[in-house]
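Accompanying notes for the structure given below.
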Amino acid sequence: MRYLLVALVLMFSGCSLKEYKHTQSKIIIIKSPKIKFADLGYIRNSDKAIELELFIAGNSIKKISINHLVCVDEGCMTKSGFNADYLNHSYPSDLMQNILLSKPIYDSINLTKTDNGFFQKIQNEDVDIKYKVDAKTTFFKDMKNNIIFKFKEAE
8 MRYLLVALVL
18 MFSGCSLKEY
28 KHTQSKIIII
38 KSPKIKFADL
48 GYIRNSDKAI
58 ELELFIAGNS
68 IKKISINHLV
78 CVDEGCMTKS
88 GFNADYLNHS
98 YPSDLMQNIL
108 LSKPIYDSIN
118 LTKTDNGFFQ
128 KIQNEDVDIK
138 YKVDAKTTFF
148 KDMKNNIIFK
158 FKEAE
């Protein structure tokens, strides 16, 4: 019984309200097996949590919150569980949060610095990724798994 209580506390604390230090409005394009979206959204983050909120015609339609768990409308799950359900099972668990924060992915493998950001090309038996970050845009494309993320400064 005690273990059940601890599990419930951990699960619900993963989806609890957070106070975010940074909020950025972005034009967001997402194409994945479960999410297809192109419109305005917000990326909010603090030291320990990140939230992606998607809007269509001014109405919030989806929220993805990431801390030690990933919480979506359907509930909370592990980061690897989120990848398996929403993206690709072979992705590293920190992939989504690194893309949202415009940080290098896959432990900075094949990282090439550019004048105002960086570029990564990652190919293996599971992925064929091009990932580019500059001052105004973050672009991730996995040609093998047909997944795209593009975040551009809203003007």
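Positions in the sequence shown are counted from 1; adding 7 to them yields the working numbering.
Ideal placement from N, C-alpha and C gives every residue a C-beta, glycine not left out.
Computed from a predicted structure; not experimentally measured.
Look at the alpha carbon of residue 146 and the alpha carbon of residue 161, and state the distance between them as a whole number of angstroms. Numbered from 1 along the sequence shown, position 139 holds the residue referred to as residue 146. Numbered from 1 along the sequence shown, position 154 holds the residue referred to as residue 161. Residue 146 and residue 161 have their C-alpha atoms roughly 15 Å apart.
Exposure of residue 48, with buried meaning 16 or more beta-carbon neighbours within 10 Å: Residue mapping note: residue 48 aligns to position 41 of the sequence shown, counting from 1. Its Cβ being crowded by 16 or more others within 10 Å, residue 48 is buried.
If you compare alpha carbons, which of 54, 65, 85 and 79 is closest to residue 41? Along the sequence shown, read from residue 1 onward, the residue named residue 41 stands at position 34. When only C-alpha atoms are compared, the closest one is 79.
Based on the DSSP output, what are the partners of residue 49 in its beta bridges? Reading the sequence shown from its first residue, position 42 is the one you call residue 49. 32 and 60, per the DSSP bridge assignment.
Find the nearest neighbour of residue 109 within the set 89, 98, 143 and 122, judged by alpha-carbon distance. The count along the sequence shown starts at 1 and reaches residue 109 at position 102. Answer by Cα proximity: 143.
Distance between residue 149 and residue 128 (C-alpha atoms, nearest Å): Numbered from its first residue, the sequence shown carries residue 128 at position 121. Numbered from its first residue, the sequence shown carries residue 149 at position 142. Each residue's Cα considered, the two are about 10 Å apart.
Any heavy atom of the ligand NAD closer than 7 Å to the beta-carbon of residue 71? The ligand NAD is not part of this structure, which contains no ligands at all.
Identify, in the order they occur along the chain, each residue of the same chain with its Cβ nearer than 7 Å to the Cβ of residue 87, setting aside the five sequence neighbours on each side. Taking the first residue of the sequence shown as 1, we reach residue 87 at position 80. Around residue 87: 100.
Give the straight-line distance between the Cα atoms of residue 84 and residue 75, rounded to the nearest whole angstrom. Here residue 84 refers to the residue found at position 77 of the sequence shown. Here residue 75 refers to the residue found at position 68 of the sequence shown. When rounded, the distance between both Cα atoms is 9 Å.
Beta-carbon within less than 6 Å of residue 178's beta-carbon, same chain only, minus the 5 sequence neighbours each way: which residues are those? An answer regarding residue 178 cannot be provided, because it is not within the stretch 8 to 162 covered by the chain.
What would DSSP say about residue 90, mapped onto helix, strand or coil? One-based indexing of the sequence shown puts residue 90 at position 83. Residue 90 falls in the helix class under three-state DSSP.
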